[in-house]
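Here the structure is laid out as structure tokens; the discussion comes afterwards.
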Amino acid sequence: MNYRKLGRTGITVSDIGFGAWGIGGKTAGATSYGSTDDGASLDALAAAFEHGITFYDTSNVYGAGHSETLIGKAFAGRRDRVIIATKAGRRDYEGEDDYSPAALERSLDESLKRLGTDHVDLLQLHSPPLDAVRRTEGVVASLEALRKKGKIRAFGFSTRSPADAIASIREFDAPVVQVNLNLVDQRAAQNGLLELAAERDVGIIARTPLCFGLLSGTVAPDTVFDSSDHRSLWPRAQIERWIEGSRLFVDAVADRNRQSKAQVALRYCLSFPAISSTIPGMLKRSEVEENARASDMGALSAAELADIARIYNSRSFFVAR
0 MNYRKLGRTG ITVSDIGFGA WGIGGKTAGA TSYGSTDDGA SLDALAAAFE
50 HGITFYDTSN VYGAGHSETL IGKAFAGRRD RVIIATKAGR RDYEGEDDYS
100 PAALERSLDE SLKRLGTDHV DLLQLHSPPL DAVRRTEGVV ASLEALRKKG
150 KIRAFGFSTR SPADAIASIR EFDAPVVQVN LNLVDQRAAQ NGLLELAAER
200 DVGIIARTPL CFGLLSGTVA PDTVFDSSDH RSLWPRAQIE RWIEGSRLFV
250 DAVADRNRQS KAQVALRYCL SFPAISSTIP GMLKRSEVEE NARASDMGAL
300 SAAELADIAR IYNSRSFFVA R
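Taking numbering that gives the first Met the number 0 as reference, the numbering of the sequence shown is continuous, increasing by one, and the terminal residue is 320.
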């Protein structure tokens with residue numbers, strides 16, 4: 000496992016992190032990855048720790064807090080050996096969001112109880128509409144106040160889009176941003192975000208590196224998702240296009256027969272020095288072991304990255320909804 004600095008925060012994270020949305024289990028509506036087994040989830044967290052993964056990204060709304068509870072249970076007694084990031088601002092998947100200073104601190108306090116800790120290393124605003132941040136007085140100042148109180152070590156913005164990530168840095172001086180980046184969504188690699196982050200020493204967390212599991216090689220085009228799985232809302236044509244994209248990009252990698260599709264996808268994200276960590280979701284030990292190995296495989300070659308960019312720019316990987 001390799002490690003990178005999280006921008007100017009003074010925090011070091013494993014370059015493969017643990018995306019903990021999935022382990023939260025089923026929530027109301029199509030807002031999860033369906034039902035999960037807590038035993039398997041705890042085993043996956045244990046495996047991640049064993050393989051050197053130190054960075055765990057969760058949220059108050061993942062499993063209505065259950066993801067945080069599992070992380071707290073998994074790392075009780077060894078809290079100082081892991082980096083925990085959570086989020087605030089979203090109260091659930093159906094109600095109104097609230098990014099007011101009082102709501103953010105209240106949400107954080109509830110998260111700390113579930114996590115069984117007195118602080119989190121990183122608190123992120125969860126998918127904030129930037130207009131809401133602009134019109135809500137004192138948002139960034141309140142995050143700084145939480146840092147001074149010792150409840151958080153750093154704050155960041157988990158953004159809705161790569162464009163919002165740039166705005167979060169320029170307007171709010173965000174020290175960390177989280178953004179979508181994967182083989183079939185390369186906007187963050189092409190819109191100047193990586194260069195801006197490097198210039199301002201901003202940490203970047205790359206989420207959805209496996210595009211909701213569709214780049215992992217484990218989801219068939221005709222898979223029927225449970226009604227609680229958010230992927231059930233995607234048009235079938237979109238699912239098929241992303242899965243086909245995985246094949247196209249893997250074929251561009253020279254030693255593709257010696258690595259899995261998931262490892263190619265993760266290595267793509269790790270090929271950008273500005274990325275601090277990429278956070279695939281993992282539900283079981285075997286997925287952790289496969290994904291963790293991508294760290295030591297290192298970056299893709301310049302020629303491979305050029306081929307991947309050429310393929311991406313030659314067609315659209317998004318279907319109109």
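Here a beta-carbon is modelled for each residue, glycine too, at the ideal position from N, C-alpha and C. The structure displayed is predicted, hence computed values, not measured ones.
From residue i to residue j, what does the alpha carbon distance come to, in whole angstroms?
i: A73; j: I52; result: 13 Å
i: L142; j: A301; result: 39 Å
i: V252; j: A140; result: 46 Å
i: G115; j: I70; result: 9 Å
i: G23; j: Y61; result: 5 Å
i: F156; j: N59; result: 15 Å
i: T293; j: E136; result: Residue 293 is actually Ala in this sequence, not Thr. Going by the C-alpha atoms only, they are around 43 Å apart.
i: L129; j: D254; result: 42 Å
i: A162; j: I310; result: 22 Å
i: S285; j: A46; result: 9 Å
i: D306; j: H118; result: 43 Å
i: Y98; j: V263; result: 37 Å
i: A291; j: D250; result: 22 Å
i: V218; j: G212; result: 7 Å
i: V12; j: F48; result: 12 Å
If you check the beta carbons only, do residue i and residue j fall under 8 Å apart?
i: M296; j: F17; result: no
i: D14; j: S276; result: yes
i: D200; j: R3; result: no
i: R216; j: S259; result: In the sequence as displayed, the identity of residue 216 is Gly instead of Arg. Yes, these two residues count as a Cβ contact at 8 Å.
i: L145; j: T85; result: no
i: I10; j: A197; result: no
i: D42; j: I82; result: no
i: D228; j: S66; result: no
i: L207; j: N179; result: Looking at the sequence itself, residue 207 is Thr, so the reference to Leu does not match. In contact: T207 and N179 (Cβ atoms closer than 8 Å).
i: A39; j: K283; result: yes
i: V175; j: I151; result: no
i: A298; j: L265; result: no
i: S245; j: L214; result: yes
i: L193; j: F271; result: yes
Span of the beta strand (DSSP E) holding residue i?
i: Q123; result: V119 to H125
i: I52; result: From DSSP, I52 is part of no beta strand (DSSP E); its letter is neither H nor E.
i: A87; result: I82 to A87
i: I274; result: I274 to T277
i: K4; result: Y2 to K4
Residue i bridges to which residues according to DSSP?
i: Y311; result: According to DSSP, which records beta bridges pairwise, Y311 is partnered with nothing at all.
i: I10; result: Beta-bridge pairing links I10 to no other residue.
i: Y32; result: D228
i: G280; result: G18
i: D56; result: G18 and A84
Using a Cβ-based criterion (distance less than 7 Å to any ligand heavy atom), does residue i qualify as near the ligand ZN?
i: S99; result: In terms of ligand content, the structure shown is empty, and the ligand ZN therefore cannot be addressed.
Mind checking which residues open and close the alpha helix (DSSP H) that includes residue i?
i: R284; result: R284 to M296
i: R90; result: Premise fails: R90 is in no alpha helix (DSSP H) and is neither H nor E.
i: A102; result: P100 to L114
i: L69; result: H65 to A73
Q: Any chance you could list the beta strand (DSSP E) runs of at least 3 consecutive residues sitting entirely within the region 135–204, in chain order?
A: 151–157 and 175–179
Q. Which whole runs of the beta strand (DSSP E) in the region 193–264 are 3 residues long or more, in chain order?
A. 202–206
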